[in-house]
Every structure is written in C-alpha cells, then in structure tokens.
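Undergrad:
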Amino acid sequence: MERELRVSKIKDGTVIDHIDAGRALHVLRILGLTGAEGLTIAVVMNVPSQKLGKKDIVKVEGVALEEEQVSKIALIAPSATINIIKDYAVVEKVKVQVPALIEGLLKCANPNCITNQPREPVKSRFKVSSVRPLKLVCEYCGTELNQDDAIRQLTGGAA
Amino acid sequence: MRGKDVLTITGFSRDELERVFDEADIMLSALDKGGSLRILEGYVMATAFFEPSTRTKLSFQTAMLRLGGSYIDLPPEEASSRAKGENLADTIRMLDSYADVIVIRHRVEGAARFAAEIAVHPVINGGDGTRDHPTQAMIDLYTVRKALGKIDGLTYGVLGDLKYGRAARSFILGLSLFKPKKVYLISPPQLACRLDTLQLLEEKGVVYEETSSLAGVISELDVLYVTRIQRERFPDPTEYEKVRGSYKVSMEALKGAKERLVVLHPLPRVDELAFDLDNTRHAWYFTQAAFGVPVRMALLKLILKG
C-alpha cells in the first residue's frame, strides 16, 4: 500500500505552490486566514520539491487573491506559483514576481526616515537589491531590510 | 546639469563634478577681480534650514548674491507657520511657488529627496540626517584639487565620526568617483563607517583600510580630512564622553607627516583640531570654507542656467 499523504483537490479557489519550506503559515497570515472562517484549507509543509529541495503548499477553497496579497507573498516566497482553480481545473497559473520597487507595503526601520514622519504625505519605497537572500534598500534613507524583517512586518510575528 | 536636483554626491558623475570645479575656477577668478556678477539676476533661491547652520547657509546666500540673484530664507520655527504645525510637504510647495531653487537642510533622513519629489524647481540638499551633504563634498574635493593639483593617485585619511557624520560620509563617497591611491578610514570602532558605505567603496574598486590609529598611517597621507565628533548624533551621552577628544589632531599628532600634507575640516571644530595648526602650511580648512562660495556659485549657475 502506498504510504503517502494525499490532499484532495479543491473545486474553486487558489493553490499557492512552491512556497519556501516552512513559510506556509506566513502565507496564511498574509491572506488573513486563521481557519475560523470555515473555509476548506490544506497546508502541506516540507514536502520534496525538485526546484527548492523542500517546499510548502497552501490550498484554499473559495478565495481569490488580491494584488497586494500577491506582492506580499512574493516577498516571503519569491518562487511561489499561484494556481487559480475553477471546477477542479487550473484555469490560470502565475509565478509571483518580486517587483523592482516595493511601495507602501513595508515600513522603514529607521525612525528618522522621512517615511516615518507623521503628517507627511509620503509612502515608503524600497529598491529590491537582491531577491535571494532578500535585501531591500529604502529609497529615502538607505536603510536595509532583510528577509526576516519583511516576514516580521508582513505577518506581524516572528520570522 | 540644468534643472538637476543635488541630493547625493554619488548622484553626480566624475565629469559633472569636474565641470562644477572648472566653473568654480572661473567664479573664483571673477571674485578675485571684485564686484558682483549678473549671471543669475532675477533668480530667487529659497533657503530652508530646519537644522542649525553657519557656513552652508551663509555661503549659499553669498553665492546667490554674488551672482546677482537674491534669496528668501525660511524663518526659524517659532516665527513661521511650522509653529502652527505646517508639515514639510506644504512648506516645500510654498517655497517652490516663490523661488527658482530650494536649498534644504533637515534632521530627517530622506527629507531632501522627498522635497525634490514635491518641488518642480531643483532642490539642493544642504545636509540631511546622518547621510548626505553633497555640496560639502564638492567643496572638499575642489579644495584638494586646488591644493595638490589633482584628486587621483593620492592617499587620504578620513578621521573622526565616520558613522554619524554626513560630511565625512559624503567625502568618502565623493572619493569613490575618482581614483585615490588609498583611503584610510580612521575612527574609534564605535564610529566606524557603515557597511553600505564600505560596500560602495568595494564596488567602485577603491582601496581602503579601516584603522583606529592616526599615528600608524600619518606618514603616508597626502590629505587628512578631520571631522567633528557630533554630540547630537549620539543616542547615548556616555558614549559621546568616551570618545570625545580621543582623536585630537595637533602639530604633535602630525609628526612624521609629509611636507605637503593637506588638512581639511568641514568646520565647525570643537576640540578635534588644535589651534596650533592654524598658521601652518597644512591648514587648508579656512580656505576650504572660503571655497564654499565659488563652488556653490558654480553649482547654482549650472543648475539654473546650464
């Protein structure tokens, strides 16, 4: 008998595949899902992957991602693919892209940066200087953020 | 260069800097002949200094007057609308509608870049936070060129507060646009250069060495750039007390130095530069301060008229 874990297909929803191993729960946090919503959610962690060695997968029934959520996922799982499922079939498959500039998603860690001043109409803006390991540089003050900083900020928890 | 914002020294190419320096030579000889020029007649410069300044503000204002232009100056906080809580963005919009160029100094990092994004007219960074002071670096490099006839091929020592000092950082970054023989970064360990500055030196292929001892390298130096250990940059005053005075440059400290060693300092000095140097051939810092006017004249002319 095959001793393998099987996760059943979803009818309509989203499958996020090729998530860096161990980051599936961060992805759920970005999606704002706790399980209490009553949606069918499958989380698969640390399974073998040709591309990544090991990977995580998240399947969510009945949820379509917003653009901002995709940008955030790209920052913590730059190899992720997003599959949109309709009637058990993949109707669209998108590989996330880390944009060259990240605007308004993250807060600069420098309290003396213009983007952290109250009452100034300015959004944070980071240049992506490296994707793996993630390295972001504030366009205003030069402060660097790394992968852990991004995870902490995007998920509100420990990296 | 017309219409260009002056935000960081590395926002300039070597060619552009040399153009500023050539123009500064012309301004300097015009100043020597006396009288005022009329190159920027009818132009208005706004100076918006949210932090204290003596040389930067006055030399910009003098430069504008010497070029036949005029200036408006943002009053101190208590006498302006900022006391009523006006933000930087609105202040810049107002100045942009009154003047042809804005010079800003601000304690907040990135303030000059933010101002440049708002303003239609060019913005010149007169110093922001702990990072950039591009026009000071231009003056410093120009002084080296005047004193030694070149910037390439020389051995530099940059001493003092390399972590929080924006003048030192901008000078170091400015050197990366040229081909120095070697740059010694001399500081107590807690004030050493930040990683991003060192990375940039490496990217540009600048040979540098970090050291905490001036005595060990003094005999090699052609230029020694001394900076103030700035009290206001220390989050912890006891840290300031520990390093204060530990890097004092005096005639004694310059024993074994080259005959033509050029000592620079962006000024003001506290106790890091002894008065006994003032009347020696090494003392270029007052000339350096004086060059603030022709260099800023050159920059204003190139930005406003090309």
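The listed protein sequences correspond, in order, to chains R and Y.
Numbering-wise, the working numbering puts 17 at position 15 of the first sequence, and it's gapless, one number per residue.
Numbering-wise, the working numbering puts 1329 at position 269 of the second sequence, and it's gapless, one number per residue.
In this text, a Cβ means the ideal position worked out from N, Cα and C, and glycines have one as well.
1. Tell me, to the nearest whole angstrom, how far the beta carbon of Y:E1332 is from that of Y:V1286; I am working on the premise that it is less than 8 Å.
2. Does R:V133 come within less than 8 Å of chain Y when only Cβ atoms are used?
3. For Y:F1174, decide whether its Cβ has a neighbour in chain R, counting only Cβ atoms nearer than 8 Å.
4. Within a Cβ cutoff of 7 Å, which residues of the same chain sit near Y:G1316, ignoring the five residues on either side of it in sequence?
5. Find the nearest neighbour of Y:V1309 within the set Y:R1291, Y:L1284 and Y:K1302, judged by alpha-carbon distance.
6. Can you give me the start and stop residues for the alpha helix (DSSP H) that R:K56 sits inside?
7. Is there at least one Cβ from chain R nearer than 8 Å to Y:E1169's Cβ?
8. Since Y:A1149 meets chain R, which of its residues come closer than 9 Å, beta carbon to beta carbon?
9. Within this structure, are the beta carbons of R:V100 and R:A82 separated by less than 8 Å?
10. So, for Y:V1355: in the same chain, excluding its five sequence neighbours on each side, which residues have a beta-carbon less than 6 Å away from its beta-carbon?
11. Can the beta-carbon of Y:L1359 be found less than 8 Å from the beta-carbon of Y:T1116?
12. If you draw a straight line from the C-alpha of Y:N1147 to the C-alpha of R:P113, how long is it?
13. Name the DSSP beta bridge partners of R:G15, please?
14. Is there a Cβ of chain R sitting closer than 8 Å to that of Y:G1189, yes or no?
15. Answer yes or no: does any C-beta atom of chain Y fall closer than 8 Å to that of R:I153?
16. Could you check the C-alpha separation between Y:S1230 and R:C110 for me, to the nearest Å?
17. Can you pull the chain R residues whose beta carbon is under 8 Å from the beta carbon of Y:D1296, in chain order?
18. Does R:N112 come within less than 8 Å of chain Y when only Cβ atoms are used?
19. Measuring CA to CA, which of R:G15, R:A38, R:Q52 and R:K61 is closest to R:V29?
20. Please list, in chain order, the chain Y residues whose beta carbon lies closer than 7 Å to that of R:I116.
TA: Looking at the coordinates:
1. 6 Å
2. no
3. yes
4. I1278 and S1279
5. Y:L1284
6. Here R:K56 belongs to no alpha helix (DSSP H); instead the beta strand (DSSP E) covers G55 to E63.
7. yes
8. R121, E122, P123 and V124
9. no
10. A1084, M1198, I1199 and Y1202
11. no
12. 17 Å
13. R:E63 and R:I87
14. yes
15. no
16. 22 Å
17. Under the 8 Å cutoff, chain R gives no residues; its nearest Cβ is about 16 Å from Y:D1296.
18. yes
19. R:K61
20. V1168, E1169, G1170, A1171 and F1174
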